[in-house]
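Read top to bottom, the protein sequences are chains A and B. My numbering puts the first residue of the first sequence at -10, with every later residue one more than the last. My numbering puts the first residue of the second sequence at 13, with every later residue one more than the last. Structure record follows, encoded as structure tokens.
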Amino acid sequence: GDSVTQMEGPVTLSEEAFLTINCTYTATGYPSLFWYVQYPGEGLQLLLKATKADDKGSNKGFEATYRKETTSFHLEKGSVQVSDSAVYFCALSLLGGSNYKLTFGKGTLLTVNP
Amino acid sequence: KAGVTQTPRYLIKTRGQQVTLSCSPISGHRSVSWYQQTPGQGLQFLFEYFSETQRNKGNFPGRFSGRQFSNSRSEMNVSTLELGDSALYLCASSLPGQGTFFYEQYFGPGTRLTVT
């Protein structure tokens, strides 16, 4: 079946450090890819998305590029802030049919220290 | 525009009881999805409704059911609660995807269910 694998956390960084969270996927079709973020006590918020190969999603300094050849969608940020501390989820959705759902990775807890 | 609202936010139930959770989507959104979030299994898809019809269902037992009303509000019900049903239940709404198009989903804050 379809699945998403992302790096295990927790990840602890100092402010202004570079962030990479790896995400790879397995899908039977051609998926759209997403990164969601969950702050403590809240629901999920869409951070960025990409719908076709080589697309780059970006938002709030975060970026991820849809790499079909390596089935990856790694999240990066050049300089993290304390306010970026949260759980990050990689997810996919398949196009077509009636498959209107998101398949999520396990999540990666990021803690940024001042 | 108001976001997705879920009630109640917290709930404590006893094993064997049943529970109903409610979700009000963003105005204009007609698709509502439900997800279960647990530390062990992560986020898992329960079901999705559009125009009062269930279009897709995840791999959960029949104790988990849902419905959608004509105003797009949705409820999910869990009967004969088990300890393992303790989780954060998230509702998400979106414009209805059709064919090859998938609209992004907007999540509510969730209902934290504890089964004792």
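Built from N, CA and C at the ideal position, the CB exists for glycine as well.
So, at 6 Å on beta carbons, what are the nonlocal neighbours of residue 22 of chain A in its own chain, with the 5 sequence-adjacent residues on each side left out? Translated into positions along the first sequence, residue 22 of chain A becomes position 33. Cβ within range, chain order: 39, 55, 62 and 81.
Check each residue of the region 46 to 60 of chain B: if its Cβ is closer than 7 Å to any Cβ of chain A, include it; give the result in chain order. 54, 55, 57 and 60
Quick check: the region 79 to 87 of chain B against the region 49 to 56 of chain B, are at least 3 beta-carbon pairs closer than 8 Å? no
Anything in the region 76 to 101 of chain B with a Cβ closer than 7 Å to a Cβ of chain A? List those residues in chain order, please. none
Can you pull out the residues from the region 32 to 47 of chain A whose beta carbon lies closer than 8 Å to at least one beta carbon of chain B? 32, 33, 34, 35 and 38
Residues that residue 96 of chain A contacts on chain B, provided the C-beta gap is smaller than 8 Å: Counting from 1 along the first sequence, the entry for residue 96 of chain A is found at position 107. Those are 54 and 55, listed as they occur along chain B.
Let me know the secondary structure DSSP gives residue 71 of chain A once reduced to three states. Working through the first sequence from its first residue, we reach residue 71 of chain A at position 82. Helix at residue 71 of chain A.
Verify whether the separation of the beta carbon atoms of residue 91 of chain B and residue 79 of chain B is less than 8 Å. As a first step, residue 91 of chain B is located in the second sequence; it is residue number 79 there, counting from the start. As a first step, residue 79 of chain B is located in the second sequence; it is residue number 67 there, counting from the start. Cβ atoms of residue 91 of chain B and residue 79 of chain B: not closer than 8 Å.
Name the residue from B:120, B:96 and B:89 whose alpha carbon lies nearest to the alpha carbon of residue 15 of chain B. Position 3 of the second sequence holds residue 15 of chain B. It is B:120 whose Cα lies nearest to the Cα of residue 15 of chain B.
Answer with buried or exposed for residue 63 of chain B, where buried requires no fewer than 16 other C-beta atoms within 10 angstroms of its C-beta. What you label residue 63 of chain B is simply residue 51 of the second sequence in a count that begins at 1. Looking at its Cβ environment, which holds fewer than 16 other Cβ atoms inside 10 Å, residue 63 of chain B is exposed.
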